[in-house]
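Before any comments, here is the structure.
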Amino acid sequence: MGSTSDKAAGLANEAMGNLKQGVGNLTGNESLEAKGKAQELKGEAQQVKGDAKAAVKDGADSVSKAAHDKL
1044 MGSTSDKAAG LANEAMGNLK QGVGNLTGNE SLEAKGKAQE LKGEAQQVKG
1094 DAKAAVKDGA DSVSKAAHDK L
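Residue 1044 is where the sequence shown starts when you use our numbering, and the numbers rise one by one after that.
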């Protein structure tokens, strides 16, 4: 996945996780609440992964441009 795809998937997982946590909390379903928390954390990790990919790409682009400018 690209950085944008990772970020989008992360946002979706985070939102679904929050929803599951809320439903689990309202219904007293601790299992659903725990699954929601796990999905939320997965989403947060996906977003961090997307941010890291974007930073690496930006850094590589900067190095490439600097090398090209020296030629």
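Even for Gly, the Cβ is constructed at its ideal location relative to N, Cα and C.
May I ask you to report which of helix, strand or coil DSSP gives residue 1062?
helix
Cβ-based burial, residue 1108 [other Cβ within 10 Å; buried from 16]:
exposed
According to the neighbour-count rule (16 or more other Cβ atoms, all chains shown, within 10 Å of its Cβ), is residue 1049 buried or exposed?
buried
Looking at C-alpha atoms only, which residue of 1082, 1111, 1099 and 1071 is the closest neighbour of residue 1053?
1082
Can you give the Cα-Cα distance for residue 1067 and residue 1079, rounded to whole angstroms?
8 Å
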